[in-house]
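Trainee: So the protein sequences, as listed, match chains H and V. Going by the numbering used here, the first residue of the first sequence is number 1, and it counts up by one from there. Going by the numbering used here, the first residue of the second sequence is number 1001, and it counts up by one from there. Glycine included, each C-beta is placed from N, C-alpha and C at the ideal position. My questions all concern the structure below.
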Amino acid sequence: MKIINANAHDLFVDRFEAGPGEAWCLVGTNRSGIDTFFKLLSGELPDVTAEYLELPENTGVVSFKRQQALFEEELRKDDTDYLDRIDPGTRAASFLNNPDDHGDLIKAFAMADSMDKGYRQLSTGQSRKLMLLAQITRGIESLVVQAPYEGLDRASCDELDKALAVCHQWGIQLFITVHNQGDIPNWCTHVGGIAQGRIAHAGPRTENLDQIEAILRTDAPDFKASVKELVQTGNPSGRVGTSREPGAELVRLQKGSAGYGGKPVFSGLDLSIRTHDHTLVTGPNGCGKSTLLQMIIGDHPACYQNDLRIFGIQRGTGESIWELKQHMGIVSPELHRSYHVPGTTLHCIISGLFDSIGLYQPYTPEDEKKAMEWLERTGLAHEAHTPFRRLSYADQRLVLIARALIKIPKLLILDEATQGLDEPNRQAVLDFLEQVAGEGLSTILYVSHRGDEFRSFFTSHIRM
Amino acid sequence: MGENYFNGLPLRLQLEELSQCRFMDASEFNGVEALKGKKIVIVGCGAQGLHQGLNLRDSGLDVSYTLREAAISEKRQSWKNATENGFSVGTYETMLPGADLVINLTPDKQHTNVIEAVMPLMKKDACLSYSHGFNIVEEGMQIREDLTVIMVAPKSPGTEVREEYKRGFGVPTLIAVHRENDPRGEGFELAKAYAAGTGGHRAGVLDSSFVAEVKSDLMGEQTILCGVLQMGSILCYDKMIEQGVEAGYASKLIQYGWETITEALKHGGITNMMDRLSNPAKIKAFDLSEQLKEILAPLFNKHMDDIISGHFSKTMMEDWANDDVNLLKWRAETAETAFEKSTCTDAEIPEQEFFDKGILMIAMVKAGVELAYDTMVASGIIEESAYYESLHEVPLIANLIARKRLYEMNVVISDTAEYGCYLFAHQAVPMLEEFMKTIDTEAIGKGLETTDNSVDNVRLIQVNEAIRSTSVEEVGRILRSYMSAMKPIM
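Right under this line is the structure:
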């Protein structure tokens, strides 16, 4: 493939060439133009002008956008209402082309045990791998993957790495994009950096790696918030006046257990979170971290079957879910996936004041002002009236983080919250959380796979 | 079987019941207060039963389920649905005597059996809730005098009831109190609290009656919802084949076309659906729909009349008693239609093309919605009720056809809707024989051939005016504003 003097949106490519069988890792921050370059390689950019344009041929594409589209398509096909049983989604194997002929590949992806599961029963990592398998089994010659390692634990990253290395060995031309230093894989033969809408340093890995890593270290974050400024602009808390006396009980779970379809995910778990107990939860994919958080949020039925107290209220004793949620700020992969309702970016942030997905209640001019301030802090003030769904995945994430923060809740529940963010933004979000913890504005409950997010402000660490 | 309840009422009460429908203000609700601490037992745990129960529980209410003994001992799906979601489940004998509110969410056709089994076990002065009034109104079920009888009917499938609740919203809901069974005058408060527990109060609640719900629901489902789409699918497909349109393409245009065009209907009513067409195509669709309305108006009237008089339910129940001979025969015939047996092309049809090449389908939807709505209103049903039972629900059935075509669509809708659907389509298809002879591929399959988009200004203004100024459009604009994401009040 070869591109000379191509121009589109926020990107200008003077020259980019990749030979067959090469394995490329493209590196850049979220707003560097790398998403546009990704779309160009995927053949999803109709309005590109170029002196010479020869794109990868017979390409398979795996992206956040397509993953979301697939999720929504699966929801559309949900037959629960007509079958009167919970429809788990399309069987995994039916996404693949001749799965019976690809036994070895499926094994290499460690997916053999998941082929009979329904789409909605797959974990984040499994659904990512399924999308890759769906493409590879079509007999593609090149594969373009956006941020393949996001949301995957160390072991799953290693498995995925092995799988991608297999693709490389089979002669498939590979392009992946990454936004974090630690994500540049060993198997790639070539690297390319994208900065300020230009290709910077593209070529063999060994010659270019150092300069490319420097891009991620030196680019400025889009997320700029400081607790000091929050306090200066007035009352930092949102609608809900809450006392945050230290030591007050927020969450108490005794001998907790939860599972799906009779299979336990965890059991015998004791958990106690008091105000200012900033808690880090880690563990491999599928160990029940998200289930535990969903139980605390009230989105998993196990919250009614356990000895669980939230904000001092025993669950299942007449409390409404909304009474509890008004003291929570939440970012999770489930929330992001579910936020497929119409509405502007501004409305999305305001919806954090009402704990709703979409906006269904009148809001005050002060609410709007507060939301605009948060938009400024995410560098998205100019997108206030853009439909939320039209933002890039990373920008959507920043907005959802702002949505969770807008009311400075008693309990901030962040499950893989920085997924999709580049290195500078991730660090900026964590720096801000550190300040929130330092000032005692919220108590933070945090799930992450990334070692560099295990900051010192966490006072306890639950390994599941 | 009892006597038809509606027919036993004096005219004065018939009129009062039929015309009872009031859009409630949000300030009329006091949350779930009236049900706090009460024991709620839901009979049946299908999609509707399960998802309503999940919402009620998340609203702080005490919810459990009761199933027939066989469903429990054989661990049937309904038992799994309830237990996997952490609800307690028991037999009628163990659960019902302690219940303050019993919610019957079993399929309509089982109501007589279910209620006969449930009623003797209910404690004195408890409340029984329905989500559809057929059993009370058409079958004339007599409920014990001490029991309060209410209806809470979310106007969406169960999964949507749940999804909207989780978003912090709800779905439009109809509530009613059976005038014969409100011995302590508490029915309305209980119904409001139940509706609030499912989130319905956020999206708009209609204060209606059992009679208005049943008569409008039957009319909507057998005419515009299922009948017109069944009739239209058969006629449009056969016409395209006759005119040489490729079969795979014709098949796809029909199967997914209803869903695509009614998506536009859902968001912005008939006006928006028509606005998706070019001006010349819009005028064509308008003219076709006027002709359709003229031909089909007597059929809509007949259906409404048969529903009001009880003739429809009487003949249908005779078929129930006769092992569903008619229903099953007509169902089998549906499986044999050319459309049902066709296969869709793999080629993609762009969204706009469904409009451009489906002018006749749009005309049928427009004519069907307007006729169903106007006929209901002319029979004394209030506008808001007529809207929910016509335009509002068309996209649901269109979505079913997109998923499953006609045969499966008919199997999954209620038997009552299915029976009425066949009655309608069997009459409508021959009535349109002459009309269909005048149709070519401009109206269905290929779209207008002209590249000239010019129209006469005066004619366009007249057509636009006629599309926009109908009652269903005026009422729809208001009701949709309550259902859509938000209405800023500042």
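Please classify H/Y465 as buried or exposed, where buried requires at least 16 neighbouring CB atoms within 10 angstroms.
Mentor: Residue 465 of chain H cannot be examined here, being either before or after the span of chain H that is shown, 1 to 464.
Trainee: List in chain order: all unbroken beta strand (DSSP E) runs of 3+ residues lying wholly within the segment 169 to 236 of chain H.
Mentor: Qualifying beta strand (DSSP E) stretches, in chain order: 173 to 178, 190 to 195, 198 to 204.
Trainee: From the DSSP output, in three-state form, read off H/M328 for me.
Mentor: Reduced to three states, the DSSP call for H/M328 is strand.
Trainee: Counting only beta-carbon separations shorter than 8 Å, does H/S226 have a partner in chain V?
Mentor: H/S226 does not count as touching chain V.
Trainee: Please decide whether H/V240 counts as near chain V, where near means a Cβ-Cβ distance under 8 Å.
Mentor: Note on H/V240: pLDDT 47, under 50, position unreliable in the model; no value is reported.
Trainee: If you count every other CB in all the chains shown that lies within 10 Å of the CB of H/I212, and 16 or more means buried, which is it?
Mentor: Answer is buried; the Cβ neighbour count reaches 16.
Trainee: Shorter than 8 Å from the beta carbon of H/F354 to some beta carbon of chain V?
Mentor: It does; some Cβ of chain V falls within 8 Å.
Trainee: Do the CB positions of V/V1152 and V/A1191 come within less than 8 Å of each other?
Mentor: The answer is yes: Cβ separation under 8 Å.
Trainee: Below 9 Å between beta carbons is the criterion; list the residues of the segment 53 to 86 of chain H that meet it against any residue of chain B, in chain order.
Mentor: Chain labels in this structure do not include chain B; the protein chains are H and V.
Trainee: Around the C-beta of V/T1450, are 16 or more other C-beta atoms found within 10 angstroms, so that it is buried, or is it exposed?
Mentor: So V/T1450 counts as exposed.
Trainee: Name the one or two DSSP bridge partners that H/R463 has.
Mentor: Answer is H/T282, bridged to H/R463.
Trainee: Quick one: which unbroken beta strand (DSSP E) runs of 3-plus residues sit fully inside the segment 1119 to 1196 of chain V? Chain order, please.
Mentor: As far as the segment 1119 to 1196 of chain V is concerned, its whole beta strand (DSSP E) runs of at least 3 residues are 1127 to 1130, 1148 to 1154, 1173 to 1177.
Trainee: Do V/E1340 and V/R1405 have their CB atoms nearer than 8 Å?
Mentor: In this structure, V/R1405 lies closer than 8 Å to V/E1340 by Cβ.
Trainee: Tell me whether V/E1336 sits in a helix, a strand or coil according to DSSP, three-state version.
Mentor: Coil at V/E1336, not helix or strand.
Trainee: Using three-state DSSP, classify H/A23 as helix, strand or coil.
Mentor: Strand at H/A23.
Trainee: Smallest Cα separation from H/Y393: which of H/A417, H/A404, H/D183?
Mentor: Selected option, being the one with the closest Cα: H/A417.
Trainee: With DSSP collapsed to three states, give me the class of V/I1489.
Mentor: At V/I1489, the pLDDT of 35 sits below 50, so the modelled position is not reliable; the number obtained from the coordinates is stated separately. Coil.
Trainee: Rounded to whole angstroms, what is the Cα-Cα separation between H/H347 and H/G358?
Mentor: Cα to Cα, H/H347 sits roughly 7 Å from H/G358.
Trainee: Which residues of the segment 333 to 349 of chain H have a Cβ closer than 8 Å to any Cβ of chain V? Give them in chain order.
Mentor: Of all residues in the segment 333 to 349 of chain H, S338, V341, P342, G343, H347 have a Cβ within less than 8 Å of some Cβ in chain V.
Trainee: Can you check whether the C-beta of H/S320 is within less than 8 Å of a C-beta belonging to chain V?
Mentor: At least one chain V Cβ lies under 8 Å of H/S320.
Trainee: So if I threshold CB-CB distances at 7 Å, which residues from the segment 136 to 155 of chain H count as touching chain V?
Mentor: Residues passing the 7 Å Cβ filter: none.
Trainee: Among V/L1396, V/Y1387, V/T1066, which residue has its Cα nearest to the Cα of V/G1269?
Mentor: Minimum Cα distance to V/G1269 is reached at V/Y1387.
Trainee: Checking contacts by CB at 8 Å: is V/Q1077 closer than that to chain H?
Mentor: Output row for V/Q1077: interface = yes.
Trainee: Does V/K1366 get closer than 8 Å to chain H when you measure Cβ to Cβ?
Mentor: Answer no: the Cβ-Cβ gap between V/K1366 and chain H never drops below 8 Å.
Trainee: Which of helix, strand or coil does DSSP assign to H/T29?
Mentor: Note: H/T29 maps to coil in three-state DSSP.
Trainee: Excluding five sequence neighbours on each side, which residues of the same chain lie with their C-beta closer than 7 Å to the C-beta of H/M328?
Mentor: These residues qualify, in order along the chain: I297, P409, L411, I413.
Trainee: Measure the alpha-carbon distance for V/S1216 versus V/S1390 and round it to whole angstroms.
Mentor: Cα-Cα distance, rounded: 9 Å.
Trainee: When you compare the segment 1305 to 1312 of chain V with the segment 1427 to 1434 of chain V, are there three or more beta-carbon pairs, one atom per stretch, that lie closer than 8 Å?
Mentor: Verdict: no, contact absent.
Trainee: Following the continuous beta strand (DSSP E) through H/K2, name the residue where it begins and the one where it ends.
Mentor: It spans 2 to 8 - the beta strand (DSSP E) in which H/K2 sits, taken as one unbroken run.
Trainee: If we call anything under 8 Å between Cβ atoms a contact, is H/Q419 one with H/R389?
Mentor: Cβ distance not < 8 Å, so H/Q419 and H/R389 don't count as in contact.
Trainee: Got a sec? Which residues, its chain only, sit under 7 Å from V/I1467 by beta carbon, not counting five neighbours each side?
Mentor: The answer, listed in chain order, is I1270, T1271, M1274, F1286.
Trainee: When we look at the beta-carbon of V/E1384 and count the other beta-carbons within 10 Å, is it buried (16 or more) or exposed?
Mentor: Buried: at least 16 other Cβ atoms inside 10 Å.
Trainee: Would you call the segment 1182 to 1196 of chain V in contact with the segment 1215 to 1229 of chain V, where contact means no fewer than 3 C-beta pairs closer than 8 Å?
Mentor: Segments in contact, no.
Trainee: Where do the ends of the beta strand (DSSP E) carrying H/Y467 lie?
Mentor: Nothing can be reported for residue 467 of chain H, as the shown portion of chain H is limited to 1 through 464.
Trainee: Please check if any C-beta of chain H sits within less than 8 Å of the C-beta of V/P1010.
Mentor: So no, V/P1010 is outside the interface.
Trainee: Within the chosen definition, does the segment 24 to 35 of chain H reach the segment 172 to 187 of chain H through at least 3 CB pairs nearer than 8 Å?
Mentor: Result yes; three or more Cβ-Cβ pairs closer than 8 Å.
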